[in-house]
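Numbering (the numbering used here), first residue to last: 1 to 325.
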Ligand code: GLA
C-alpha cells in the first residue's frame, strides 16, 4: 500500500425507529448500511488541504479542517478525493458520512488517533451545524461510527450509552424508497421543529423533552410536537423488545405508529412521502415510515419474506461502521 495514500470509509445510516428524539435527549435505534462516502488523501510536502471534488461545497472541508485544528491536530498538506455511493438528500445521512470520512482521513493523514466515537460525533455535528448551516443531532455520525454487521444500536442520547441490538429479521427485509421530495424545505423545516422543541422545554421548565410526560397544557402545535417525542421514545424500547421476541408484525405496527405520529403530531411529512409509504403498503409491507429529518427523503419499509419490493426500493442491511480501508 502506498504510504502517501490514506483511505477512510464512512457509511450512511438507516434509523429503524426513534425519529426527532436525538436532539431531545431521547432514544434512537439506527444501523449503518453498506453504502457510504470514501475519502482518499494523497499526502504532499507542504501546502493546504484541498478537495477539488467538493466543488461548490467547500464548507464541509473548511469545517473539518478548522474543527480538527481546534482539537490540536496539525494537518499536513494533502489532496482529498471524495467518492460516494449514497444518494444526497435521500435521508440516509450522506453529509454526516462525509464529515466522518473526512475526519478519519485527516486524522490518519496527521498520524493521530481519531477521537473516541462520542467526541468525534460531536465534532462532526459541529461541522454540519456551524460550518454547513444545517442543525443536526448526534444520531447520524454515531450510527456511522458504531455500525456492526447484523446489528442495530440503541442510543440513549441523554447518557450517550450505546447498546448493540441484534437485528434478526427472520427472513423479512428492510428497504428504503426515495420519495424524491426536495431538500431545501427539509433544512428550514427541521430547524423550525428544533426551535419548537426549545420553546416547549422552556414552557415546561424542563431540562429536555426526555423528562416530559404530559404535553396537554402546552399551546398548539407544541403539545403535538411533545406528544410525538414522548410516544416515539416509548416505541424505541417497544421495537427493541419486538426484535428480541422475533415479533416482526409488532415491529411493523411500531413503524406505522411512528409514521402516523411524525405525520400528524410532528408534521414532517409531505405528499411525496405519503405516496412512498403507500407504495410500500401496496407491496405488502408490514410497516413503513418516513425516516430522517423529514419533509422529503426516504421512507423505510419492513417487508415479509418473499414480498417483491416496490419499484425503486433498495434493500438495506446492517454493516460495519466507519473505518480505514
Ligand atoms: C436528521 C438529523 C438527525 C436527527 C434526524 C431526525 O437526520 O441529522 O440528527 O435529528 O434528522 O431524527
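No residue lacks a Cβ here, since even glycine has one placed at the ideal position from N, Cα and C.
- With contacts defined as CB atoms closer than 8 Å, residue 175 and residue 272 fail to qualify as a contacting pair.
- Per DSSP, the continuous beta strand (DSSP E) segment holding residue 37 begins and ends at 30-43.
- Taking C-alpha positions only, residue 155 is separated from residue 75 by approximately 32 Å.
- Beta-bridge pairing by DSSP links residue 157 to no other residue.
- Between residue 26 and residue 86, the C-beta gap is not smaller than 8 Å, which leaves the two residues out of contact.
- DSSP places residue 301 in the uninterrupted beta strand (DSSP E) bounded by 298-303.
- A straight line joining the alpha-carbon of residue 245 with that of residue 127 spans about 39 Å.
- Only buried fits residue 19, as 16 or more other CB atoms lie within 10 angstroms of its CB.
- In the three-state DSSP reduction, residue 97 falls in the helix class (H, G or I).
- Every unbroken stretch of the alpha helix (DSSP H) spanning 4 or more residues and falling wholly within the region 130-179 is given here in chain order: 139-145.
- Taken atom to atom, the span from the alpha-carbon of residue 303 to that of residue 249 is near 10 Å.
- For the options 28, 293 and 205, the alpha carbon positioned closest to that of residue 134 is the one of 293.
- Going by beta carbons, residue 279 and residue 318 fall outside the 8 Å limit.
- It is roughly 29 Å from the alpha-carbon of residue 115 to the alpha-carbon of residue 237.
- Counting along the chain, no alpha helix (DSSP H) covers residue 81; the unbroken beta strand (DSSP E) around it starts and ends at 78-84.
- Distance between residue 215 and residue 222, taken at the CA atoms: about 8 Å.
- For the options 28, 24, 7 and 14, the alpha carbon positioned closest to that of residue 235 is the one of 28.
- As the crow flies, the alpha-carbon of residue 142 is around 32 Å from that of residue 308.
- Secondary structure at residue 27: strand, using DSSP grouped into helix, strand and coil.
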